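Numbering (this note's numbering), first residue to last: 202 to 630. Glycine included, every Cβ here is placed at the ideal spot set by N, Cα and C. The model shown is predicted, which means the values in this text are computed figures rather than measured ones.
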Ligand SMILES: *Cc1c(COP(=O)(O)O)cnc(C)c1O
């Protein structure tokens with residue numbers, strides 16, 4: 202469920218026509234629906250309520266301060282993967298927000314920064330990192346709480362670039378060696394192994410990997426406890442899938458069904474790190490058609506959003522539904538299935554202005570005939586959209602707007618040319 206719907210052939214974000222926002226703020230434009238964000242956070246909170254989970258919104262999916270603030274206001278903690286994300290979470294979140302810190306390459310400075318700021322838990326991804334955290338904690342005369350991130354070695358479950366729980370990926374500790382690593386810090390004065398962490402990959406459209414992961418997790422927790430570790434936290438990460446093509450995502454309750462029994466059995470505090478599930482369907486990217494052309498037997502729609510604005514299609518071959526913001530009378534107001542034949546459409550490549558043949562938002566996509574100035578909505582762009590945006594080709598990053606009912610607020614201004622050179626030192630001038 203989201204709050205992007207057509208009314209009389211005009212796309213609305215909640216109660217505001219998207220075309221009006223494009224006029225006011227320009228394109229390319231990221232638009233977020235507050236009701237959709239909160240709906241998805243609530244869905245997880247409700248599904249897992251009996252476990253009283255700590256839900257740590259994953260900042261890396263979309264770290265905008267206003268979005269992070271909303272999450273904090275509605276009871277979420279944060280999952281961060283760098284010192285910079287820690288800074289964002291802290292700046293936007295409530296003072297008592299619980300922050301978990303994952304990532305395979307934490308520097309001593311980042312570890313120190315997190316400890317100074319009361320990090321709830323480090324998700325530890327290697328033996329050397331575990332000891333580095335111990336050394337930093339010792340130098341600060343504090344005790345660091347960690348969860349061992351285990352790679353449970355499950356069958357492939359999503360795109361190879363975002364599958365983090367198959368054998369041989371860089372993430373986590375091997376399930377075969379995690380107990381040896383844990384044995385090395387039994388009785389450590391500055392590190393307590395307080396939890397077990399798994400983040401299986403993303404997006405995941407089945408509960409089965411979580412069931413398998415939990416099965417292995419329950420056994421490991423028992424082993425860790427035998428070693429003398431007081432394991433009180435089970436962190437099952439994020440990765441819950443969303444609707445990209447049609448209505449393919451599972452409701453949070455399906456994941457709860459397989460995760461809650463493990464929580465019960467271990468008596469652990471449950472931590473979750475959802476990002477995409479909360480913000481993915483809560484955002485769209487709006488662009489304007491610049492030109493159309495036919496070449497080599499292909500039809501191209503050249504519009505003003507590019508791979509620097511949304512790199513997911515290029516990076517992960519991902520599918521985003523695309524449809525005109527104000528479809529004309531001769532086509533459907535909105536297709537149910539964007540991959541099937543749609544009357545009144547022709548396959549077209551939707552590309553941006555960047556000088557790369559890999560710069561595309563969609564290939565051979567069924568779209569009606571478009572003209573200069575027509576607006577396009579690229580759906581399900583709230584997660585890993587703006588978060589991965591760059592200035593490649595010296596393109597100014599897009600503006601971001603948050604819609605709440607009838608109101609809309611700018612939450613990130615469009616960059617300017619002077620922003621593009623703001624950090625550079627023109628030393629030969
Ligand atoms: C990216 C990430 C998440 C969030 O994944 P989503 O698919 O956005 O839910 C959670 N935990 C860790 C450790 C991550 O790296």
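Query raised in the report: Could you give the distance in angstroms between the alpha-carbon of residue 215 and the alpha-carbon of residue 345?
Result: 44 Å
Query - heavy atom of ligand 1 below 7 Å from residue 474 C-beta - result: yes
Query raised in the report: Going by C-alpha distance, which of 609, 629, 626, 618 is nearest residue 220?
Result: 609
Query raised in the report: Do you know whose CA, among 514, 428, 267, lies nearest residue 561's CA?
Result: 514
Query raised in the report: Is residue 261 near ligand 1, judged by its Cβ being under 7 Å from some heavy atom?
Result: yes
**Report entry** Distance between residue 349 and residue 229 (C-alpha atoms, nearest Å)
**Finding:** 41 Å
Requested in this report: Check the C-beta distance from residue 387 over to residue 429 and give it rounded, since I have them as a contact under 8 Å.
Outcome: 5 Å
Query raised in the report: Is there a Cβ from chain C that is less than 8 Å from the Cβ of residue 419?
Result: Among the chains in the structure shown there is no chain C, since it carries only a single protein chain.
Requested in this report: Quickly, what does DSSP pair residue 488 with across the bridge? List them, please.
Outcome: 577
Report task. Within the segment 384-441, note down every full alpha helix (DSSP H) run reaching 4 residues or more, in order along the chain. Result -> 409-428
Query raised in the report: When the Cα of residue 545 is compared with those of 567, 217, 268, 557, which residue comes out closest?
Result: 567
Query raised in the report: Where does the unbroken alpha helix (DSSP H) through residue 548 begin, and where does it stop?
Result: Element bounds for residue 548: not the alpha helix (DSSP H) but the beta strand (DSSP E), 547-552.
Requested in this report: Examine ligand 1 and report whether any of its heavy atoms sits within less than 7 Å of the Cβ of residue 441.
Outcome: yes
**Report entry** Inter-stretch contact at 8 Å, needing at least 3 Cβ pairs: the segment 467-484 / the segment 519-527
**Finding:** no
Query raised in the report: Is residue 311 buried or exposed, if buried means 16 or more other CB atoms sit within 10 Å of its CB?
Result: buried
Report task. With DSSP collapsed to three states, give me the class of residue 375. Result -> strand
Query raised in the report: In whole angstroms, what separates the C-alpha of residue 306 from that of residue 282?
Result: 9 Å
Query raised in the report: How would you write the range of the alpha helix (DSSP H) that residue 248 sits in, first residue to last?
Result: 235-248
**Report entry** Contact set for residue 365: own chain, Cβ-Cβ below 7 Å, skip 5 residues either direction
**Finding:** 372, 400, 401, 402
Query raised in the report: Touch check for the segment 487-494 and the segment 452-459: three-plus C-beta pairs under 8 Å?
Result: no
Requested in this report: Consider the C-beta atom of residue 438 and the heavy atoms of ligand 1; say whether any pair is separated by less than 7 Å.
Outcome: yes
Query raised in the report: Count the other CB atoms within 10 Å of the CB of residue 368; is the residue buried (16 or more) or exposed (fewer)?
Result: exposed
Query raised in the report: With C-beta atoms as the reference, is residue 279 less than 8 Å away from residue 298?
Result: yes
Query raised in the report: According to DSSP, is residue 616 helix, strand or coil?
Result: coil
Requested in this report: With DSSP as the reference, please indicate the residues paired to residue 567 in a beta bridge.
Outcome: 548
Query raised in the report: Does the Cβ of residue 321 have 16 or more other Cβ atoms within 10 Å, making it buried, or fewer, making it exposed?
Result: buried
Report task. Return the first residue and the last residue of the alpha helix (DSSP H) that residue 207 is part of. Result -> Run containing residue 207: none in the alpha helix (DSSP H); it sits in the beta strand (DSSP E), 205-208.
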